[in-house]
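Student:
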Amino acid sequence: RSNSTKYEWKWFDLLYSLKYLFIPLYFVVALIACTGNLLLLFIICRNKKRHNTTNFLISNLALVDLVMCVFCIPATAFYAFERRGWIFGQHMCIFVAVMQSAAVYAAVLSLTAIAVDRYIVVAYPIRRRAGCQFCWGLVILIWLFSLALSTPTALHTVHLDLRAAGLHTVICEEFWDGKEQGRIIYSCFILFFSYFIPLAAVSISYCAISYQLRQGTKCPELRSVRAAWSRRRKKTFCLLLISVLCFALSWLPLQVVNLIRDLDTDFVIIGKKHVNIVQVSSHLLAMSSACYNPFIYASLHKKFLSCLCRHFLSMRRRYRRDMGQGSMILTASHQLPRLHTSTTLAELAVISNAIPLEKYA
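The number in the working numbering is simply the position in the sequence shown, starting from 1, with 1237 added.
1) Under 8 Å, do Cys1309 and Met1336 count as touching if we go by C-beta distance?
2) Could you tell me how far apart the beta carbons of Ile1506 and Val1515 are, in whole angstroms, since I believe they sit closer than 8 Å?
3) Does the ligand MN have a heavy atom nearer than 7 Å to the CB of Ala1391?
4) Count the other CB atoms, across all protein chains shown, that sit within 10 Å of the CB of Arg1355; report buried if there are 16 or more and exposed otherwise.
5) Which value, in whole angstroms, describes the spacing of the CA atoms of Asn1495 and Val1359?
6) For the candidate residues Asp1398, Tyr1361, Ala1343, whose alpha-carbon lies nearest to that of Ile1377?
7) Taking the C-alpha atoms as reference points, what is the distance between Phe1504 and Ile1421?
8) Our contact map puts Phe1430 next to Val1301 with C-beta atoms below 8 Å; I'd like the distance itself, whole angstroms only.
9) By the three-class DSSP mapping on this structure, what secondary structure does Asp1503 have?
10) If contact is defined by three or more beta carbon pairs under 8 Å, each pair taking one atom from either stretch, is the region 1481-1488 in contact with the region 1264-1274?
11) For a test of the three-state rule: what should DSSP assign to Asp1398, helix, strand or coil?
12) In the DSSP output, what is Glu1411 paired with across the bridge?
13) Where does Gly1322 fall in DSSP's three states?
14) Which residue comes first and which comes last in the alpha helix (DSSP H) that contains Phe1259?
15) Apart from the five residues just before and just after Tyr1253, which ones in its own chain have a Cβ nearer than 7 Å to its Cβ?
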């Protein structure tokens, strides 16, 4: 390599020395998140009793986590530890940046919508719940609004090939050329939107629910509200609170680091030698937020594991029943010629139906 290239990469040597620590951690996070969220989506989709607004939004959170696992974690981890830089092309550069930004907004909006839904359930207990069409429309609206909020990221993400300048690398970064004030404003907006809004929504919802419950104890007409606030709904609100805290605490370091990098262009607060390690560590912590929701949901819903086991056992029984039917017909067709019988297909069906297949399932 040339001297200029060596000078360019000297700040990355410490990060590359930790390559075999970070890459397995990224892999573990992606594996746990994909498995847990796929199982969560499977349970909610298969159980029609759970098709309500809250579980639709929880499913959307699982979808957000899967988007981050599929698009953001592999590409970002590879980019951080590949000396050639970004190798996935210009279109994927913009796409991954937009999807990561949109995933954050979609998660925030989903958590906020769950908080509002919890208040509506308590404040209007006899009101008819929203149907599937409304829930699908709400999820689509959340994603459209999230993509709209990610427009600045799409406009300012640049795919820059530096090989012509003698640096054997390709960069995929946000560049706000001549618009540093706009970049700082956008960073502050992301920090405020992804951290304070969901916490404020949960706090306001909790206070409003508490007020409604106190009113329900004073007013005889509203005592049904007190009864409606059952242990199951308390668990759901607890799920919301823990999910918001996990999301906020996971993403806070990365948002703060990004804001510091926007404000401190001379690397006074975070030195050049350590800035990349801090960036990757905070990004790994942010990506770990994709792992938490399935465990939170399972711990607060005791029927989650039993429902999961029941589905897999029923699938196993169905598979064994199908295999039993196939092997029985195959066995009969092979044995009948040996017995020199003239059994017709209709008689074979009667024989098969006469044997209780459940004994062999």
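Using N, Cα and C, we set each Cβ at its ideal position, and we do this for glycine too. This one's a predicted model, so the numbers in the text were calculated from it and none came from an experiment.
Tutor: The structure says:
1) Stepping through the sequence shown from its first residue, residue 1309 is reached at position 72. Stepping through the sequence shown from its first residue, residue 1336 is reached at position 99. For Cys1309 and Met1336, yes; Cβs fall inside 8 Å.
2) Within the sequence shown, the letter at position 269 stands for residue 1506. Within the sequence shown, the letter at position 278 stands for residue 1515. In this structure Ile1506 is not in contact with Val1515, their Cβ atoms being roughly 10 Å apart against a cut-off of 8 Å.
3) Of ligands this structure carries none, so the ligand MN is not represented either.
4) In the sequence shown, residue 1355 corresponds to position 118, counting from 1. Under this definition Arg1355 is a buried residue.
5) Sequence index remark: in the sequence shown, residue 1495 carries index 258 (1-based). Sequence index remark: in the sequence shown, residue 1359 carries index 122 (1-based). Roughly 39 Å separates the two Cα atoms.
6) As a first step, residue 1377 is located in the sequence shown; it is residue number 140 there, counting from the start. Taking only the C-alpha atoms, the option nearest Ile1377 is Ala1343.
7) Here the question's residue 1504 lines up with position 267 in the sequence shown. Here the question's residue 1421 lines up with position 184 in the sequence shown. The alpha-carbon atoms of Phe1504 and Ile1421 are separated by roughly 16 Å.
8) As a position in the sequence shown, residue 1430 is number 193, starting the count at 1. As a position in the sequence shown, residue 1301 is number 64, starting the count at 1. Beta-carbon to beta-carbon, Phe1430 and Val1301 are separated by about 15 Å, too far to satisfy the 8 Å threshold.
9) The residue you call residue 1503 lines up with position 266 of the sequence shown. Note: Asp1503 maps to coil in three-state DSSP.
10) The region 1264-1274 makes no contact with the region 1481-1488: fewer than 3 CB pairs, one atom from each, lie closer than 8 Å.
11) By one-based count along the sequence shown, residue 1398 stands at place 161. DSSP places Asp1398 within a strand segment (E or B) once states are collapsed to three.
12) Locating residue 1411 in the sequence shown gives position 174, where the first residue counts as 1. According to DSSP, Glu1411 bridges with Thr1394.
13) By one-based count along the sequence shown, residue 1322 stands at place 85. Of the three classes helix, strand and coil, the one that applies to Gly1322 here is strand, per DSSP.
14) Position 22 of the sequence shown, counted from the first residue, corresponds to residue 1259. Counting along the chain, the unbroken alpha helix (DSSP H) around Phe1259 starts and ends at 1256-1283.
15) As a position in the sequence shown, residue 1253 is number 16, starting the count at 1. The residues are Phe1318.
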